[in-house]
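Single-structure report; data block below.
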Amino acid sequence: MSIALARRYRPRKFADLLVQDHVAAALRGAVAKNRVGHGYLLTGPRGVGKTTAARILAMALNCERRDPEHPTGEPCGECGACMRVWNGQANLDVVEIDAASNRGVDDARDLRERAMYAASEPGHHKVYIVDEAHMLTREAWNALLKILEEPPPGVVFVFATTEPQKIANTAAPVMSRLQRFDFRRIGPAAIQSRLRDVLNQESVEADDDALLIIGRHADGGMRDALSVLDQCLSFGEGRLTADRVRDVLGLVDDDSYAAILTLVADRRPADVFAVLDRLVDSGADLAEFAGGLGEILRALLMHQLGVEAEALPTTTREVIAASAPKLASEDVVRMLKLLGEAEQGLRRSANPRLVLETLLLRWAMMDRALDLKALLSGTAPGGAGPSAPSNTSPRPTIPPATEKAPPVKAPAPPTPEEPPPPSHPDEPAATASRGGEHAPVMPVPRTTAGLHAVWPEILETATRQSRLLGQALEHATPEWVDDGVVSLRFGADEAVFREGVERQVGVVVTILSARLGTEVRVSTASNEPTAGGKRSNRMTVKDLHADRLRELRRKDPVLDAAADALDLELVEEE
Ligand SMILES: [Zn+2]
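Each residue of the sequence shown is one higher than the one before, starting from 366 at the first, in this note's numbering.
Here it is in structure tokens:
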């Protein structure tokens with residue numbers, strides 16, 4: 366068997382460029398229409414096909430079997446000219462330059478002089494392929510700029526780089542003369558399927574999981590994936606298994622990840638030491654292991670939020686399915702956050718084991734998110750209302766909410782960078798994606814405080830029904846006036862929102878009754894206009910919540926720390 370799979374299966378046509386269809390179509394079209402530019406910049410991560418695309422372009426321009434009557438833009442991939450380019454052989458018309466080793470001004474001058482010569486034959490193109498182009502010096506770029514300003518006919522420059530920003534910094538004027546194509550990472554599933562094709566042609570059998578692990582490890586690069594596949598095939602005989610791939614790559618098996626997630630879910634910090642002993646004894650790379658933990662947590666969180674992660678090995682799926690009901694999504698978010706902090710230390714520390722051990726201990730000693738949520742809303746999970754906070758909790762209790770100071774909102778709305786927290790448990794749409802965790806619907810005390818506690822949920826539900834209604838309700842300060850009557854008070858100058866609510870009062874009644882578990886009636890009111898337009902009249906329930914949480918956090922350092930760890934934010938949106 367050939368060792369160099371990456372070479373043997375390197376694409377010979379635009380159509381074979383994996384995932385980079387947008388680039389392939391543009392370049393093929395340019396060749397077919399005889400509209401190839403003088404300068405191209407191909408950017409993207411390593412191993413995604415930039416140099417290969419450059420070579421295919423060179424092949425297509427000089428292919429001996431080009432049919433001028435019916436141009437397809439594709440090279441034949443088989444003629445002498447195509448083979449010379451594809452093999453990287455000495456070639457009059459196609460020159461490959463590795464900028465990492467040819468970066469002096471002399472080379473640039475040489476390049477400039479050589480570029481003055483036209484292609485070897487009429488109708489041919491002279492193609493310069495410059496790899497690692499960000500390594501070129503400023504002087505080299507200046508020389509190239511002169512060529513690109515007045516390009517000789519038939520000369521094409523193709524620059525490939527993983528770091529376009531560096532070129533923008535040193536050679537912005539050149540950059541503006543190049544047509545730029547951004548190559549995409551190749552996803553694990555696409556890599557898996559390409560590896561399967563290759564193995565079929567090589568008549569080698571392999572487990573799906575084995576190929577998926579290679580695909581995930583290659584981190585978007587096909588060349589790396591094929592070279593790992595090479596190693597795996599030379600390392601053993603017969604069917605390629607997931608275990609063999611893990612051996613070759615030095616990966617920890619999923620059982621170790623499962624063990625860690627279980628001990629975290631069960632809050633068994635003492636077991637951390639034994640797990641780490643086993644890891645270290647097996648010679649695992651701890652930084653690599655932490656990276657794997659991050660991937661599993663991310664996939665776990667996605668699973669809990671109802672999104673399936675792409676291309677996971679079966680064993681990983683099993684770990685995730687088993688852990689999902691045991692860990693709250695909020696906890697997984699906190700674990701990811703702590704992991705992110707630890708990863709820096711893992712790379713720098715002289716004692717990575719200590720860093721990892723501390724991380725796992727922090728995970729295993731976390732307070733449960735659900736307890737804290739109950740604490741914050743003033744209602745313990747057993748159904749105790751705000752007037753009877755749980756005394757059995759070892760954590761400090763928070764004073765029950767009163768009418769003057771409404772309790773706080775639970776997790777803040779998701780920011781674009783962060784995965785959203787799970788929805789409230791009483792929303793039917795959300796329960797299906799909860800991954801098995803079922804928090805009971807907490808009873809709502811029929812007080813203004815109870816009303817305020819669930820008000821953010823009410824707003825969310827209303828907004829889902831009508832954005833305008835949600836917006837209007839946001840301006841209301843709700844109050845429990847009397848048995849069964851909820852008053853919605855608006856600012857003196859907020860008549861438009863009051864009217865908005867009144868127009869849809871039936872919807873409001875339905876939402877409130879459903880959430881409060883009792884039939885309610887709704888009345889609306891406006892504040893009296895005041896001369897100075899005092900702030901208190903304009904204060905919405907959100908302002909009250911923010912004040913309330915601020916005060917709670919000030920009084921209680923434990924809650925303060927916990928709120929930070931949980932990413933709870935003051936409800937402070939405008
Ligand atoms: Zn050809």
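Ideal Cβ positions, reconstructed from N, Cα and C, are used throughout, including at glycine. Please read these numbers as outputs of a predicted model, since none were measured by experiment.
- When C-alpha distances from Lys491 are compared across Asp463, Leu422 and Leu510, the shortest belongs to Leu422.
- When DSSP states are grouped into helix, strand and coil, Pro894 belongs to the coil group.
- CA-CA distance, Gln454 to Asp463, rounds to 14 Å.
- Shortest gap from the CB of Arg375 to any heavy atom of ligand 1: 7 Å or more.
- In this structure Val697 touches Leu665 by the C-beta definition: roughly 6 Å separates them, less than 8 Å.
- Gly438 has its Cβ no nearer than 7 Å to any heavy atom of ligand 1.
- Linking Val593 to Leu816 through their CA atoms gives a straight-line distance of about 59 Å.
- Using a 10 angstroms sphere on the CB of Glu528, the tally of other CB atoms stays under 16, which defines it as exposed.
- Apart from sequence neighbours up to five positions away, the residues of its chain that approach Gly849 with a beta-carbon distance below 8 Å are Thr883, Glu884, Val885 and Arg886, ordered along the chain.
- Burial check for Lys415: the Cβ neighbour count within 10 Å reaches 16 or more, so the residue is buried.
- Annotation for Arg663: Ala674 and Leu701 place their beta carbon closer than 8 Å to its own, counting only its chain and skipping 5 residues before and after.
- Relative to the Cα of Ile512, the nearest Cα in the group Ala857, Gln530, Asp858 and Tyr493 belongs to Tyr493.
- Between Ala418 and Val384, the CB-CB gap reaches or exceeds 8 Å.
- Three or more Cβ pairs drawn from the stretch 519 to 534 and the stretch 403 to 415 lie within less than 8 Å of each other, which places the two stretches in contact.
- Not one heavy atom of ligand 1 is found less than 7 Å from the C-beta of Glu504.
- Three or more beta-carbon pairs separated by less than 8 Å are not found between the stretch 529 to 545 and the stretch 635 to 653, which leaves the two stretches without contact.
- The closest heavy atom of ligand 1 lies less than 7 Å from the beta carbon of Glu429.
- By the 16-neighbour rule on beta-carbons within 10 angstroms, Thr812 is buried.
- At a cut-off of 7 Å, the beta-carbon of Glu497 does not count as near ligand 1: no heavy atom of the ligand is closer than that.
- Met587 has its Cβ no nearer than 7 Å to any heavy atom of ligand 1.
- Distances taken from the Cβ of Glu486 to the heavy atoms of ligand 1 include none shorter than 7 Å.
- With respect to the C-alpha of Val610, the residue from Ala397, Glu443, Ile578 and Leu591 having the closest C-alpha is Ile578.
- Taking Asp574 as the centre and dropping the five residues before and after it, the same chain places the C-beta of Ala607, Pro678 and Thr679 closer than 6 Å to its C-beta, in chain order.
- In the DSSP assignment, the residues bridged to Gln544 are Tyr405.
- DSSP places Ile625 in the uninterrupted alpha helix (DSSP H) bounded by Asp619 to Ala630.
- In terms of side-chain proximity, the C-beta atom of Glu695 is found no nearer than 7 Å to any non-hydrogen atom of ligand 1.
- Taking every protein chain shown into account, the CB of Leu591 has 16 or more other CB atoms within 10 angstroms, so this residue is buried.
- Its chain contains Pro436, Thr437 and Gly438 as the residues whose beta carbon lies nearer than 7 Å to that of Ala397, once the 5 sequence neighbours on both sides are disregarded; these appear in chain order.
- The beta carbons of Gly442 and Met424 sit closer together than 8 Å.
- Fewer than three beta-carbon pairs drawn from the stretch 375 to 383 and the stretch 494 to 501 are found closer than 8 Å, and the two stretches are therefore not classed as touching.
- In terms of Cβ geometry, Arg863 and Ser891 form a close pair [threshold 8 Å].
- Pairwise C-beta distances place the stretch 579 to 587 in contact with the stretch 546 to 558, as three or more of them are shorter than 8 Å.
- Secondary structure at Ile551: coil, using DSSP grouped into helix, strand and coil.
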